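A.B. asks: Residue numbers (mature numbering (1 follows the signal peptide of the UniProt record, and there is no 0)): -28 to -1, 1 to 242. First, the structure itself, so that you have it in front of you.
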Amino acid sequence: MLPTRISKLSGSCVVSLLIGLVGLPVAAAPPDPGAGFGSIRGRVIWSGAEIPRFKDLVPQGQAERDPQVCAQKRAIPDNALIIDPRSKGITDAIAYLSDPQGDFFETEVTLIADAPKVTIDQKNCEFLPRITAMHTAQELVFTSSDHVVHNIHLSPLKNYELNQLVAPEGRLSVRLQAERREIPVQCSLHPWMHASIKVFDHPFFAKTGKEGTFEITRIPPGEQRLIIWHERAGYLTEGKSRGIVVTVTPGKVSDVGTIKIAPEQIKESP
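Listed below in structure tokens is the structure:
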């Protein structure tokens, strides 16, 4: 039987076998997908002593149009400036590179493969999310979870203007070119509904989370220009739309520190 034959192998045979294995090639470890790249991170916070309170866009039960859906179960809040009361972190600022230098083809391919579509839903008569950052090769899909007719009105500078109805629980697919400024979005049927879209021709962008933090990864090394923008405060970095120069080092994180938004920087909500 096989176990008996194996157990009767002589010691010299085992030694010869081990010596033979030493000479065999060893499989190489898979390449590190982040090798040769660096990252930029930072944080956007509120510098005011108090957290501002904004009036609801539509109080519960007071929608002038489609009240059976809009603000029927809860008020529609003004989400143009979201501040975490504990950390004072600001959500939905967008950090991105301007005219990034170096080869980033693989990073671009990975982004598009991982997320070929970006979705903006219309729910409770709000655009969710309110702020979207995307690559021009990604498909933008507007969906509607509401049982009412909505309207998608885009007002770009470079792209074509879009003004189209979306049926209840319908969807609309859009392709957009990159633009230097944000693209305003509105529902003409429900005028309190606003959103903004930033479209890039590169993969180096990120939105801030609840605590105001962001990190842009897999950036080619060298000097890169970073811009941070917020819907209500505009450009936050020195140099405004030119941004600041950040030196990216392979395998390292370049921390730009804390960027503060002061009360006097806040513009009126659209």
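Note that beta-carbon positions come from the ideal geometry of N, C-alpha and C, so glycine has one too. The model shown is predicted, which means the values in this text are computed figures rather than measured ones.
#1: Within the same chain, show all residues whose beta-carbon is closer than 8 angstroms to that of V225, passing over the 5 residues directly before and after it, in chain order.
#2: Assuming I231 and L208 make a contact with CB atoms under 8 angstroms, what is their CB distance in whole Å?
#3: DSSP on T219, reduced to helix/strand/coil?
#4: In whole angstroms, what is the alpha-carbon distance linking D173 and G33?
#5: Taking only the alpha-carbon atoms, compute the straight-line gap between G8 and R37 and give it to the nearest angstrom.
#6: In the structure shown, what three-state DSSP assignment does A167 receive?
#7: Note the first and the last residue of the continuous alpha helix (DSSP H) segment covering residue 266.
#8: Quick one: using the 10 Å Cβ neighbour count with 16 as the cut-off for buried, is A178 buried or exposed?
#9: Going by beta-carbon coordinates alone, are T91 and T63 separated by less than 8 angstroms?
#10: Measure how close the beta-carbons of R143 and V113 come, nearest whole angstrom, since I'm counting them as under 8 angstroms.
#11: For K170, is the classification buried or exposed, using 16 other Cβ atoms within 10 angstroms of its Cβ as the cut-off for buried?
#12: Between which two residues does the beta strand (DSSP E) containing residue 243 stretch?
#13: Mind reading off the beta-carbon distance from N123 to C159? Whole number of angstroms is fine, and I expect it under 8 angstroms.
#14: Please state whether DSSP places E98 in a helix, a strand or coil.
#15: Kindly give me the distance between the Cβ atoms of V220 and Q196, rounded to whole angstroms, as I take these residues to be in contact under 8 angstroms.
#16: Are the Cβ atoms of Q110 and P88 separated by less than 8 angstroms?
#17: Could you pull out every residue in the same chain whose Cβ sits closer than 8 angstroms to the Cβ of P49, ignoring the five residues on either side in sequence?
#18: Ignore the nearest five residues each way along the sequence and tell me which others in T185's own chain have a CB closer than 6 angstroms to its CB.
#19: Helix, strand or coil: which one does DSSP assign to E236?
#20: Per DSSP, which one or two residues make a beta bridge with Y207?
#21: Cβ atoms of I66 and A105: under 8 angstroms apart, would you say?
#22: Check each candidate in D75, M165, E154, H162 and name the one with the smallest Cα separation from G194.
#23: For the beta strand (DSSP E) containing H122, list its first residue and its last residue.
#24: Any idea what DSSP makes of K212, helix, strand or coil?
C.D. replies: Walking through what the data contain:
#1: Correct list, in chain order: G10, S11, I12, R13, E187.
#2: About 5 angstroms; that satisfies the 8 angstroms criterion.
#3: The answer is strand: DSSP assigns T219 an E or B state.
#4: If you draw a straight line from the Cα of D173 to the Cα of G33, it comes to about 42 angstroms.
#5: Straight through space, the alpha carbons of R37 and G8 are spaced by roughly 55 angstroms.
#6: The DSSP-derived three-state label of A167 is strand.
#7: With the chain represented from -28 up to 242, any question about residue 266 goes unanswered, as that position is not in the structure.
#8: The residue in question, A178, is buried, as its Cβ has 16 or more Cβ neighbours within 10 Å.
#9: No, Cβ-Cβ distance for T91 and T63 is not below 8 angstroms.
#10: About 6 angstroms separates the two Cβ atoms, so the contact holds.
#11: It is buried - the Cβ of K170 has at least 16 other Cβ atoms within 10 Å.
#12: In the structure as shown, the chain starts at -28 and stops at 242, and residue 243 therefore has no counterpart that could be examined.
#13: Going by Cβ atoms, the distance from N123 to C159 rounds to 5 angstroms, so yes, they are a contact pair.
#14: Correct three-state label for E98: strand.
#15: Contact holds; Cβ gap of about 5 angstroms.
#16: Yes; because the gap between Cβ atoms is below 8 angstroms, this pair is in contact.
#17: Within the same chain, P49 has close Cβ partners F26, D28, L29.
#18: By the criterion of a C-beta distance shorter than 6 angstroms, T185 is surrounded in its chain by R15, once the five residues flanking it on both sides are discounted.
#19: Residue state, collapsed to three classes: helix.
#20: DSSP links Y207 through a beta bridge to W201.
#21: Yes.
#22: With respect to the C-alpha of G194, the residue from D75, M165, E154, H162 having the closest C-alpha is D75.
#23: Residues 122 to 126.
#24: Note: K212 maps to helix in three-state DSSP.
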